[in-house]
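Residue numbers (the numbering used here), protein chains in the order written: chain F, 2 to 156; chain D, 6 to 145. C-beta: ideal position from N, C-alpha, C; glycine also. Fair warning: this is a prediction, and the values are worked out from it, not measured in the lab.
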Amino acid sequence: MKNSKPARKHSSAFVNQLLAETSDVEKAQINNRMTLATRLDDLIAAKRWSKSEFAAKVGKSPSEITKWLSGTQNFTIDTLTEISLAFNLSVGELFAAPRPKIINHIHLLVKAIKSEPIPFNESVGKKTIDSTSGTFNSNYPAQNFSLSTFSNAQS
Amino acid sequence: MENIEPKTEYHLKGIELIRCTINTPEGAPALNFNFSISLQTQLDVMPRTLTVIVNVDVISDDQKNVFGSISVNNVYQIINFEEAFKLDAQNQYEIPPKLLEAIGSTSLSTTRGIMYSLFKGTFLNNALLPLVDLPKLKQY
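Rendered as structure tokens:
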């Protein structure tokens, strides 16, 4: 169980001086390096590779991978290309937030088949069963339904 | 927390109401309510979640009028993600079918409750989302 305590905000004159001396360009550079390091770490975890396995795939030493993941590495485009090939991604996708993957999609149409009101005690719990596509029941007193599945995609 | 074969530990992490609309028809109130239901399951690897997005449209007999619609995200946290979801030869995650059925049914039930709560007191008061037996849908 993770500690759910919120992070403390700390401020000091020294930290404020350091931040003031950092230009916007430097801040953006650091942000991008950290973002890429985090993304790499996530990708390695998603593939369930160890750092050594990943190092072997990109032809580097494990210590170099540790440096990459520290967020201090200034990658060349050639290195990024090697990394992207190892993950079977484009270089651009290394910087993009991963999208959730659709693994199941089903679409159902449940149609009312009676429009005449039915006394409550006769209809409660009544079931209509479509043996080809599924079953359902409704306790709604004034209607029965038929159900059909008209699309289903799985990727 | 529940156990499903192969053993998957998960819990409901969040419920998000994305959309809810009610369109009151002109003239006589509708007698019949038909339902167009869509369930989409998404896998998000890094937060280790499965999200079931349930969209329901309450529609007229001729399916031309939408009386009301609702969209609900149901987010499930998978506790033992690495153990429960194996990677196949193509590096794709194998999701236990029974887990998909379980969270699909739970999400439909959750949406049914939210629908009832939101439509209560309107002309859609009786538009109860029917029970759907997902495991019996062959294609699910």
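Would you identify the three-state DSSP class for D/N131, choosing helix, strand or coil? coil
Sequence-distant residues of the same chain with beta carbon closer than 7 Å to F/L95, five excluded per side: L37, R40, L81, I84, S85
DSSP beta-bridge partners of D/V57: D/T46, D/N79
According to DSSP, is D/L36 part of a helix, a strand, or is it coil? coil
Skipping 5 residues on each side, what residues in its chain have a beta carbon closer than 7 Å to that of D/L92? Y98
DSSP three-state label for D/E70, please. The identity of residue 70 of chain D in the sequence shown is Asn, whereas the question assumes Glu. Note: D/N70 maps to coil in three-state DSSP.
Buried or exposed (CB count within 10 angstroms, at least 16 for buried), D/V77: buried
Any chain D beta carbon closer than 8 Å to F/L48: Reading the sequence as shown, one finds Lys at residue 48 of chain F and not Leu. It does: the Cβ of F/K48 has a partner Cβ on chain D nearer than 8 Å.
For F/P7 and D/F72, what's the separation of their Cα atoms in angstroms? 44 Å
Residue environment, D/T13, which counts as buried when at least 16 other CB atoms sit within 10 Å: D/T13 is buried by the Cβ-count criterion.
Is F/G126 buried or exposed, if buried means 16 or more other CB atoms sit within 10 Å of its CB? Caution applies to F/G126, whose pLDDT of 38 falls short of 50 and renders its modelled position unreliable; the model cannot decide the point.
Buried versus exposed, by CB contacts within 10 Å (16 or more), D/V80: buried
DSSP on F/L90, reduced to helix/strand/coil? If DSSP states are grouped into helix, strand and coil, F/L90 belongs with coil.
Quick one: does D/M51 have its CB under 8 Å from some CB of chain F? yes
Buried or exposed: where does F/F15 fall if 16 or more other Cβ atoms within 10 Å of its Cβ makes it buried? exposed
CB contact flag (D/S43, D/I64, <8 Å): no
Expressed to the nearest angstrom, what Euclidean distance is found between the alpha-carbon atoms of D/D67 and D/E87? 47 Å
Within chain F, the residues that D/S110 reaches when beta carbons sit closer than 7 Å: Per Cβ cutoff of 7 Å: no residues; D/S110 is ~12 Å from chain F at best.
Tell me the DSSP secondary structure of D/N85 in three-state form. coil
How about D/L5 and D/I108: are their beta carbons less than 8 Å apart? Any answer about residue 5 of chain D is impossible in this case: the structure gives chain D only from 6 up to 145.
F/L109: contacting residues in chain D (beta-carbon distance under 7 Å): I42, V137
For F/E22 and F/S71, I'd like the C-alpha separation in whole angstroms. 22 Å
Pull up the CB-CB distance for D/I100 and D/L48, whole angstroms please, since I reckon it's below 8 Å. About 7 Å; that satisfies the 8 Å criterion.
Hey, how far is the Cα of F/K68 from the Cα of F/R49? 19 Å
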